[in-house]
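Here is the structure we will look at.
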Amino acid sequence: MTVPSTPATDVEALFKGSMAALASGVAVVTGTAADGSPRGLTVTSIASYSAHPPSVIVCVDEACNSYAALATGSHFAAHLLQAEQADVATLFASSATDKFDQVPWTLWDDRVPVLSEVLAVVICRRISTTVLGDHAIVVGEVVDGSMREAQPLVYWRRGFYEGPGVSIDGG
Ligand SMILES: Cc1cc2nc3c(=O)[nH]c(=O)nc-3n(C[C@H](O)[C@H](O)[C@H](O)COP(=O)(O)O)c2cc1C
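Numbering of the sequence shown is given in the working numbering, commencing with residue 163 and proceeding in unit increments.
The following block contains the structure:
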């Protein structure tokens with residue numbers, strides 16, 4: 163009699179399913195390439211890193227067109243998107259080469275492309291890049307930015323959602 167073996171855990175499926183269950187805000191991170199052109203991509207791998215100094219972390223795939231600008235550039239801008247900006251998230255998640263022709267933006271300090279009308283933007287001086295596997299972990303110290311009162315765009319189970327408008331506990 164053959165004893166059925168315990169199926170090996172499909173770690174990749176477990177990883178993808180578990181991470182898809184993590185609801186997160188959505189950011190567009192922008193920087194400037196060596197030739198001076200703007201670059202940017204949609205990320206969910208953004209997080210607060212420390213308050214001392216105020217800093218954020220973002221993970222960037224080395225296969226992205228924006229990689230060099232973010233991994234080696236002096237500064238970058240991380241924009242948290244508003245609820246109604248799923249179209250902006252989709253644009254910056256694409257490989258389009260004309261992303262910056264399709265959205266309003268300005269240059270901060272002549273060096274960092276900053277998108278208009280987002281929930282919040284933090285402009286960062288890059289303080290560290292750690293290459294690990296096929297991604298770089300980029301840490302930036304927040305040096306400027308702006309924010310407004312609005313609902314966030316949320317990514318969950320491979321879809322975009324308008325963020326919660328009402329607190330459940332009323333707090
Ligand atoms: C919701 C969402 C989150 C993403 N998060 C990341 C991320 O954290 N890091 C990353 O490198 N790519 C992420 N991507 C993929 C990039 O946005 C995508 O590869 C993009 O085309 C890169 O643009 P670029 O090649 O012009 O730099 C994400 C895509 C989506 C839709």
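The C-beta atom is built at its ideal place from N, Cα and C for all residues, glycine as well.
Here the structure is a predicted model, which means the values were calculated and not measured.
query: What distance in whole Å lies between the Cβ atoms of A251 and T204, which are believed to be in contact at a cut-off of 8 Å?; result: 5 Å
query: Nearest CA to the CA of S217: which residue from I285, S228 and W270?; result: I285
query: Curious, which full-length beta strand (DSSP E) runs of at least 3 residues does the stretch 255–326 contain?; result: 267–270, 274–277, 282–294, 297–309, 315–318 and 321–324
query: What does the alpha-carbon distance come out to for the pair P309 and T171?; result: According to the sequence provided, residue 309 is Met. The question's Pro does not apply to it. M309 and T171: Cα-Cα distance of roughly 43 Å.
query: Work out the CA separation of D223 and R201 for me, nearest whole Å.; result: 14 Å
query: Counting C-beta neighbours from all protein chains within 10 Å, is the total for P141 16 or more, i.e. buried, or is it exposed?; result: No statement about residue 141 is possible, as the shown extent of the chain runs from 163 to 333 and does not include it.
query: In angstroms with no decimal places, state the Cα-to-Cα distance between A248 and L242.; result: 11 Å
query: For R287, I'd like the list of residues in its chain whose CB is within less than 8 Å of its CB, leaving aside the five on either flank, ordered along the chain.; result: S236, H237, G302, E303 and V305
query: Measuring CB atoms only, is the stretch 225–235 touching the stretch 181–200, in the sense that at least three cross pairs come out at less than 8 Å?; result: yes
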